[in-house]
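Colleague:
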């Protein structure tokens with residue numbers, strides 16, 4: 001059996017309530033969190049449990065927050081998400097976060113491709129955008145390697161760590177994605193023929 005949610009290294013799955021401890025461990029490295037997000041106030045164990053329970057109940061087909069699970073050992077290694085969904089214009093934004101000990105193993109790129117394939121081929125979106133802090137060169141390089149193109153830079157746009165930082169805007173259209181990751185490798189199942 002094949003699944004559009006699984007690649008060679010990872011699979012995307014719903015967040016489960018018991019994932020709270022792993023997400024808490026990811027947030028403990030504030031320098032890692034800061035590379036893709038703003039540092040949040042410390043959250044209690046009860047707060048993490050409530051948050052993962054809320055994510056587990058999310059039934060949106062467009063505003064997604066999915067766990068990235070390693071296929072080999074079943075470990076939760078990160079998350080992917082979509083936000084700022086605009087159905088009229090056919091665009092959305094995506095985010096990727098991989099835990100420190102799981103980086104540089106190809107998990108992020110595969111997870112993003114799986115998410116893009118779903119949003120473009122099943123939800124009919126036309127374009128995905130991302131915003132990456134200007135100093136986060138590894139994330140910019142990751143997105144460019146997947147076909148995202150730099151579309152602009154918001155100068156001194158976000159404030160944290162005592163100063164302002166640029167945000168690099170990148171975008172990827174469905175055609176640009178399909179040129180690198182053809183949809184024809186996702187084939188519908190063969191029809192079942194039943195004898196009368």
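Numbering (this note's numbering), first residue to last: 1 to 196. All C-beta atoms, glycine included, are put in the ideal place defined by N, C-alpha and C.
#1: By the 10 Å Cβ neighbour count, where 16 or more other Cβ atoms means buried, how is residue 21 classified, buried or exposed?
#2: Would you mind working out which of 16, 166, 51 and 174 sits nearest residue 119, comparing C-alpha positions?
#3: Run the CB neighbour count on residue 10, radius 10 Å, all protein chains shown included, and call it buried at 16 or more, exposed below.
#4: Which class does residue 100 belong to by DSSP, given the choice of helix, strand or coil?
#5: Alpha carbon to alpha carbon, what distance is there between residue 154 and residue 132?
#6: Within 10 angstroms of the Cβ of residue 163, are there 16 or more other Cβ atoms? Answer buried if so, exposed if not.
#7: Three-state secondary structure (DSSP) at residue 174?
#8: Name the DSSP bridge partner or partners of residue 79?
#9: Taking only the alpha-carbon atoms, compute the straight-line gap between residue 65 and residue 136 and give it to the nearest angstrom.
#10: How would you call residue 100, buried or exposed, if buried means at least 16 neighbouring beta carbons within 10 angstroms?
#11: Along the chain, where does the beta strand (DSSP E) that runs through residue 159 open and close?
#12: Here's the rule: buried if 16 or more other CB atoms are within 10 angstroms of the residue's CB, otherwise exposed. What is residue 2?
#13: Taking a contact to mean a Cβ-Cβ separation below 8 Å, would you say residue 140 touches residue 168 in this structure?
#14: Excluding the 5 residues flanking residue 6 on each side, which residues of the same chain have their C-beta closer than 7 Å to its C-beta?
#15: Which residue marks the beginning of the beta strand (DSSP E) containing residue 129, and which one marks its end?
#16: When the Cα atoms are used, what is the spatial distance from residue 55 to residue 151?
#17: By a C-beta neighbour count over all protein chains shown, 10 Å radius and 16 as the cutoff for buried, is residue 29 buried or exposed?
Modeller: Quick answer:
#1: Result: exposed.
#2: The residue with the shortest Cα to Cα distance from residue 119 is 174.
#3: So residue 10 ends up on the buried side.
#4: Taken through DSSP and simplified to helix, strand or coil, residue 100 comes out as helix.
#5: In a straight line, the C-alpha of residue 132 is about 10 Å away from that of residue 154.
#6: Exposure of residue 163 is indicated by the presence of fewer than 16 other C-beta atoms within 10 angstroms of its C-beta.
#7: Helix.
#8: Note: residue 79 sits in a beta bridge opposite 67 and 97.
#9: If you take the alpha carbons of residue 65 and residue 136, they lie about 22 Å apart.
#10: With fewer than 16 other Cβ atoms within 10 Å, it is exposed.
#11: Taken as a continuous stretch (DSSP letters only), the beta strand (DSSP E) holding residue 159 covers 149-160.
#12: Counting Cβ neighbours within 10 Å, residue 2 comes out exposed, since fewer than 16 surround it.
#13: Yes. Within cutoff.
#14: Correct list, in chain order: 71.
#15: 127-133 is the span of the beta strand (DSSP E), which, as asked, contains residue 129.
#16: Near 31 Å, if we compare the C-alpha coordinates of residue 151 and residue 55.
#17: Residue burial annotation: residue 29 is exposed, with fewer than 16 other C-beta atoms found within 10 angstroms of its C-beta.
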